[in-house]
Amino acid sequence: MTLRKKTLLLLCAALLGLAAGAAAQTADKKDCKDHPLFLTRMPGYHIADCKVEDYGVYEFKAPNGKRIPVEGKFTYINYAFETPGKNEPSALAILRNYENAIKQAGGTLLNSFPNYWTNGKIVKDGMEVWVEAERGNGRIWLRVVEKAEMEQFVQADAAARANNASTTRR
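Add 15 to the 1-based position in the sequence shown for the numbering used here, that's all there is to it.
Written as structure tokens, this is what we have:
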């Protein structure tokens, strides 16, 4: 076999290996997508689960086991590493990536627990967005609350209640 044929054969094998690796990547869970605040995600992760609530609450972690409840549009994304334990980014690398992204968006870091979780807040154009990234066991749990007031749908009439109460007492 000539050197040229060997080189071509090795090149084809390498391309097939790359294609197989790309095809082996796990697809994101159906109807799940990254939060628009974060333009990219950590390499090697796919979305294993997600949840979006138009109005919800999440209690962000604070020191000494305390929690800070924030209400608004709540987004939860669970990222899973393709091959846990093999070349997985360190906890520090993951948390620093989210911390730097929060700061790049003009945000402030609020609380953290080394190698486990970090959170922060971004206030821009009258909008307040809270973010918490938590990692462990090949997972990243991302929680985002776009702080907002709830839209009130249910209305009550106190006068009708008072009238109803007075007629039932007779």
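All residues carry an ideal CB built from backbone N, CA and C; glycine is no exception.
A quick note: this is a predicted structure, and the numbers were derived from the prediction, not measured.
Secondary structure of K44 (DSSP, three-state): coil. Within the segment 50-95, complete beta strand (DSSP E) segments of at least 3 residues are found at 60-76, given in chain order. When only Cα atoms are considered, V159 and Y94 end up about 14 Å apart. Per DSSP, R111 has no beta-bridge partner at all. The straight-line gap separating the alpha-carbon atoms of P51 and P104 is approximately 22 Å. Apart from sequence neighbours up to five positions away, the residues of its chain that approach R56 with a beta-carbon distance below 7 Å are D49, Y94, ordered along the chain.
CA-to-CA, the gap between A173 and A42 works out to about 53 Å. Linking Q119 to L54 through their CA atoms gives a straight-line distance of about 12 Å. According to DSSP, M142 shares a beta bridge with K139. Note that the segment 64-72 does not touch the segment 107-117; fewer than 3 beta-carbon pairs, one per stretch, sit closer than 8 Å. DSSP places F128 in the uninterrupted beta strand (DSSP E) bounded by 123-128.
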